[in-house]
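Heads up, the thing below is written out as C-alpha cells.
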Amino acid sequence: MRIGILGAGSVVEQYHLPVLSAMPEVQVEWVCDIVKEQAVALGKTYGVRRSYSDLNDCPEVDIVLVAIPVGVRRPSLEVIFERKWNVFCEKPFAGTAQEHGWIMKRAKEQKVEVGVGMMRRFYDATVLARKLAASGMFGSLQEVWASEGLRQRGTGRDMNWYQANADAAGGGVLMETGCHLVDQVATICSARSYKLEACAMEYRGGLDYAARLRGSLEIAQSQTCSFRIALSKTEDIYNGIMLKFADLQVRVGLTAAGGVALCDKEGKSVAALQQPEEGFHRGQVYAAFYREWREFIHQCRTRTASLVHADSVCLTTRLIEECYELQPRPRQDDGRFSKYVEPR
Amino acid sequence: MRVAITGAGGQIGSYLTENLSILQPGIEVVGVCRNAVAGALLEGTGFTVRVGTLTDPVGAESVLNDCDAVVHCALATGLPVRAHSQNEQMIRSICRVSGIKKLIFLSSVAVYGMCIDRERASFEDPKPDTSYGREKLAQERSLLKFNAGTPRTNYILRLGHVYGPNQAMSRRILHMAQDSRFALPLEGRLLSNAIHLERLGEAIARLLTGNAGSGVYNVADEPHQTWKAVFDWHTEATEIMPVRCLSSARSEDLMPGYRNRAHRSFAARALAKGASWAGAQLLSVSPSWKELGYQALGLMPERVEQKVKVRYRAMVVKRDIESVKAGEFVVPDQWLTSDPMPGLYMDLPKTSYWEASRQADRKQKLNRWFQKWSSPYGPWAS
Numbered sequence: 073m074r075i076g077i078l079g080a081g082s083v084v085e086q087y088h089l090p091v092l093s094a095m096p097e098v099q100v101e102w103v104c105d106i107v108k109e110q111a112v113a114l115g116k117t118y119g120v121r122r123s124y125s126d127l128n129d130c131p132e133v134d135i136v137l138v139a140i141p142v143g144v145r146r147p148s149l150e151v152i153f154e155r156k157w158n159v160f161c162e163k164p165f166a167g168t169a170q171e172h173g174w175i176m177k178r179a180k181e182q183k184v185e186v187g188v189g190m191m192r193r194f195y196d197a198t199v200l201a202r203k204l205a206a207s208g209m210f211g212s213l214q215e216v217w218a219s220e221g222l223r224q225r226g227t228g229r230d231m232n233w234y235q236a237n238a239d240a241a242g243g244g245v246l247m248e249t250g251c252h253l254v255d256q257v258a259t260i261c262s263a264r265s266y267k268l269e270a271c272a273m274e275y276r277g278g279l280d281y282a283a284r285l286r287g288s289l290e291i292a293q294s295q296t297c298s299f300r301i302a303l304s305k306t307e308d309i310y311n312g313i314m315l316k317f318a319d320l321q322v323r324v325g326l327t328a329a330g331g332v333a334l335c336d337k338e339g340k341s342v343a344a345l346q347q348p349e350e351g352f353h354r355g356q357v358y359a360a361f362y363r364e365w366r367e368f369i370h371q372c373r374t375r376t377a378s379l380v381h382a383d384s385v386c387l388t389t390r391l392i393e394e395c396y397e398l399q400p401r402p403r404q405d406d407g408r409f410s411k412y413v414e415p416r
Numbered sequence: 056m057r058v059a060i061t062g063a064g065g066q067i068g069s070y071l072t073e074n075l076s077i078l079q080p081g082i083e084v085v086g087v088c089r090n091a092v093a094g095a096l097l098e099g100t101g102f103t104v105r106v107g108t109l110t111d112p113v114g115a116e117s118v119l120n121d122c123d124a125v126v127h128c129a130l131a132t133g134l135p136v137r138a139h140s141q142n143e144q145m146i147r148s149i150c151r152v153s154g155i156k157k158l159i160f161l162s163s164v165a166v167y168g169m170c171i172d173r174e175r176a177s178f179e180d181p182k183p184d185t186s187y188g189r190e191k192l193a194q195e196r197s198l199l200k201f202n203a204g205t206p207r208t209n210y211i212l213r214l215g216h217v218y219g220p221n222q223a224m225s226r227r228i229l230h231m232a233q234d235s236r237f238a239l240p241l242e243g244r245l246l247s248n249a250i251h252l253e254r255l256g257e258a259i260a261r262l263l264t265g266n267a268g269s270g271v272y273n274v275a276d277e278p279h280q281t282w283k284a285v286f287d288w289h290t291e292a293t294e295i296m297p298v299r300c301l302s303s304a305r306s307e308d309l310m311p312g313y314r315n316r317a318h319r320s321f322a323a324r325a326l327a328k329g330a331s332w333a334g335a336q337l338l339s340v341s342p343s344w345k346e347l348g349y350q351a352l353g354l355m356p357e358r359v360e361q362k363v364k365v366r367y368r369a370m371v372v373k374r375d376i377e378s379v380k381a382g383e384f385v386v387p388d389q390w391l392t393s394d395p396m397p398g399l400y401m402d403l404p405k406t407s408y409w410e411a412s413r414q415a416d417r418k419q420k421l422n423r424w425f426q427k428w429s430s431p432y433g434p435w436a437s
C-alpha cells in the first residue's frame, strides 16, 4: 500500500511515521506540508524521499493520511477525492455533521474508502471494558461517568500553535480532547444513539476550556444508560471512565497504559482486571496506532466496513456539534462558567 | 513596581501571577506566556497577560521592557540538547533587557541530586544526577555569567519541594498516602526540604520589595518540616488515613542502596543497569532459547550443569520473592531519604502564615483540589 501524508506535525512525527515505517506492507511515498521545510525534515528522519508543499504536485498513492487541523481540511479533501485516493483522517474527523456528511458523500461518489484515527478504541483497557459491558455479566449498565482534564501547566508550543486558533482547531477542549473521550465512552458502551439533556461550557478568548455534558445513550435494543462527561484545561479533574452497574463499578483508565479495576458500589477497588502500567511507556500506544492502520488497510483492500470506518464516528461528531450549538462562543467573553442550559 | 512572571501558565508561575499583588500590594503583575492557550488560564482573572517569545532578545525586549523585575519560572523541556539551548537563549535574552532591576530565578533542590548526600554534594558544588537538576544548575551558572558586572540584583532560589493545590508534589504525596503498601522511611523524621506554595509566594514578594543583596539561597518551610509533618498535613486536609512509618531498622536496609547509587558514576550505573537487564532476559527466555540452552548444557561436564541449575533457580527465586515484596511494600522514592539541602537558607518573612485560620484555609483549598481529581464525581461537585 502506498501512503501519502498530509501534515508534518507532531502526531505524524511521534506516532504515524514510526508505525508506518515498521510496517513492511506499507510504503510511505511522500510528506506534504504547507511549510515545506517541515515536510523535508520529517521525510529525512524517516527515509521518505519526496516532500511537497502542494497536494496537487504529489504523485499517486493508495491512501492519504490527513493530519492537518480539522478547520482547514476541506480544500485538501476536495483534491484528494478528485484524485480518488482513500482517506484516513486524524481526529477530530469533522467539525459538524454536515461536514461529515459531505465527506462521506464525496467518498461514495468517488468510490473511495474513508477511515478515522481514534486509537483509544484499540487500547487494551477500552477493549476489555467494552467486552465487560457487552457481556451483561454485571447486569445492565446504569450510568457512565467520564472525565478528563489537567490544569494546563505548559504547552511547549509557540504562538502559531493551531490549537490557539478556534477556526483551525474546530474548537477547544471539547473538540480536541472531547472527541477522544466521547468516542471512548461510545465504544465501551456500544452506543447506537444519544440524547443530550444539558451542556455547559467555559470559554476564554474564544476557545472552550472546560465542558460538562449530561444525557443518555441507547446501548442496546430498548436499553439506555445515562452519561456525564466532563473536560477541563483549567483545573485538575478525575481522569477516567466509571461504568456504574447495580452492585458494582468498573473503572477504566483513559490512556494506553491505563488499567481496568473492579470496584464495589462505593468505588473502593476490589480487584485489578488489568493493571495500569507505570513509568515512561509508550509501547501500547504504538500498538493502538498499528491496529488502526491495519484495520484501515484491510478496509481499503476488501471494501468492507472496519472498526475505523468513518461512519463509526458519526455519533461523536453530532454530539459535539450539538454542544457547540447549544453553547456557542459568547460575543462578550467574561470568562465565567455559563449556566446549565437545556437544549431547545 | 511592575513584575513580570515568565512561565505564567505553569504550576508556580500561575500562582504567583494570581497572588503576588495580593501578598504585596503595590506590585503590579504581568504574566508572560508562550501562546494564547497557555495564557488562557489567567484570562478573566483581571491580570495582564502578555503572549510572546523570550528566546530571542527582540521578543524579550518587547515583552519585558517596561518591567522593573522578572521572576523567571519558564522552563523549556523535552530532549536535553534542544531544551538546554532554548533555556540558555531565554536567560540571555532576559538578561539583556536593560530596564530590569531585579531578577529572581527559580532553581531547584534537584541541583543537589535526587537523594542529597551532604558528604558528596555541597552548596558551592552541588551534584545533580537528573537531566532536570543538571539543566537547572546550568541555568544558574548562565545567569551569573550573563549578569556579571551589571548593577542588577539577582536572586537564585533553590526551591525545595513545593507543595499545595495544583502542585505535582502534592499529587505525588496524596497518591503515596492512598497506597496501603507505602510507608515513610525512618519514621518520617527526616527533614523534607519542602515549602508550601503560599510561603514561597510570601518570600518572593518580600524579595521584590526588600533590599537584600544578590545571592543564592535554599528555600524551605521555616521551621523546616519533617516528611511526617508534610504527609500528615496532606492526610488531615483530605481525610485520608495517616501514612504508616517504616522502622529505622527496615529503613537502614534501604538507605545504603540509595546513597551508593547517588555516588556512582554514569559508567557504573550504565553497567549495573546492563547487568540487571541481561538478568531479566535470562528469566524470561522463550521456549526456543531454553531449548538452545539445554543443548549447550548437554555439552558441559555435569558439575557445570549442576552449578548453572542452582544459579538459575536462585535467580528465579529472587525474582519471585521480589514480586511478593512489591505487592506488599512500595519502595519509597529516593528523595524521601535525602539529607536537608546544604548551605545557606533564605530567611522567610515573619507573617501570619502559621495562624490557625490561614492553616485551615490552606487545607480547605488542598481538599477542594483533591476532591476534583480523585473521584469521578469530583468534577460535578461544584
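Residue numbers (the numbering used here), protein chains in the order written: chain A, 73 to 416; chain B, 56 to 437. Ideal Cβ positions, reconstructed from N, Cα and C, are used throughout, including at glycine.
Would you call the CB atoms of residue i and residue j closer than 8 Å?
i	j	result
tryptophan 102 of chain A	proline 131 of chain A	yes
proline 431 of chain B	serine 304 of chain A	no
leucine 421 of chain B	glycine 256 of chain B	no
threonine 388 of chain A	aspartate 255 of chain A	yes
glutamine 389 of chain B	cysteine 170 of chain B	yes
methionine 401 of chain B	alanine 249 of chain B	no
glycine 81 of chain A	alanine 139 of chain A	yes
valine 440 of chain B	leucine 192 of chain B	Nothing in the structure corresponds to residue 440 of chain B, since chain B is present only between 56 and 437.
Are any of the Cβ atoms in chain B nearer than 8 Å to that of residue i?
i	result
phenylalanine 361 of chain A	no
isoleucine 77 of chain A	no
leucine 306 of chain A	It should be noted that the sequence gives threonine, not leucine, for residue 306 of chain A. Taking Cβ atoms only, chain B reaches closer than 8 Å to threonine 306 of chain A, which makes this a yes.
isoleucine 260 of chain A	no
tyrosine 412 of chain A	Only weak support is given to the placement of tyrosine 412 of chain A: the predicted model assigns it a pLDDT of 48, under 50, and the value that follows is read from those uncertain coordinates. No, tyrosine 412 of chain A lies away from the interface with chain B (no Cβ there is under 8 Å from its Cβ).
alanine 80 of chain A	no
glutamine 224 of chain A	yes
methionine 314 of chain A	yes
arginine 416 of chain A	Its pLDDT being 41, under 50, arginine 416 of chain A is placed unreliably in this model, and the value from its coordinates should be taken loosely. Judged by the 8 Å Cβ criterion, arginine 416 of chain A is not in contact with chain B.
serine 219 of chain A	yes
tyrosine 310 of chain A	yes
tyrosine 396 of chain A	no
leucine 279 of chain A	yes
alanine 302 of chain A	yes
arginine 192 of chain A	no
arginine 276 of chain A	yes
arginine 375 of chain A	no
arginine 284 of chain A	yes
At a Cβ threshold of 8 Å, is residue i touching chain A?
i	result
alanine 232 of chain B	no
glutamine 66 of chain B	yes
leucine 229 of chain B	no
leucine 96 of chain B	yes
alanine 91 of chain B	yes
Check for me: the alpha helix (DSSP H) holding residue i runs from which residue to which?
i	result
alanine 94 of chain A	Counting along the chain, alanine 94 of chain A falls outside any alpha helix (DSSP H), and DSSP gives it neither H nor E.
threonine 117 of chain A	108-118
proline 144 of chain A	The sequence as given places valine at residue 144 of chain A; proline does not occur at that position. Unbroken run through valine 144 of chain A: none, as it is neither H nor E.
leucine 109 of chain B	Segment: none, leucine 109 of chain B is in no alpha helix (DSSP H) and carries neither H nor E.
glutamate 397 of chain A	386-398
arginine 137 of chain B	135-151
Step through the CB atoms of chain E and report whether any lies within less than 8 Å of the CB of residue i.
i	result
asparagine 221 of chain B	In summary, chain E is missing from the structure at hand, where the protein chains are A and B.
In terms of residue numbering, what span does the beta strand (DSSP E) encompassing residue i cover?
i	result
asparagine 273 of chain B	270-274
lysine 182 of chain B	Taken as a continuous stretch (DSSP letters only), lysine 182 of chain B belongs to no beta strand (DSSP E), as it is neither H nor E.
phenylalanine 160 of chain B	157-163
asparagine 158 of chain A	158-162
glutamine 346 of chain A	341-346
valine 386 of chain B	No beta strand (DSSP E) holds valine 386 of chain B; DSSP gives it neither H nor E.
Below 8 Å on the Cβ atoms is my guess for residue i versus residue j; work out the distance and round it to an integer in Å.
i	j	result
proline 80 of chain B	arginine 261 of chain B	Contact doesn't hold; Cβ gap of about 13 Å is too wide.
phenylalanine 361 of chain A	tyrosine 87 of chain A	5 Å
leucine 440 of chain B	tyrosine 367 of chain B	No answer is possible for residue 440 of chain B: the residues shown for chain B start at 56 and end at 437.
leucine 161 of chain B	histidine 127 of chain B	7 Å
valine 136 of chain A	glycine 187 of chain A	Their Cβ separation, rounded to whole angstroms, is 11 Å, which puts valine 136 of chain A and glycine 187 of chain A out of contact at 8 Å.
Which residues of the segment 425-436 of chain B have a Cβ closer than 8 Å to any Cβ of chain A? Give them in chain order. Under the 8 Å Cβ criterion, the segment 425-436 of chain B contributes Lys427, Trp428, Ser429, Ser430, Pro431, Tyr432, Gly433, Pro434, Trp435.
Legend entry - Residues from the segment 175-206 of chain B in contact with chain A, defined by Cβ distance under 7 Å: Answer in chain order: no residues at all.
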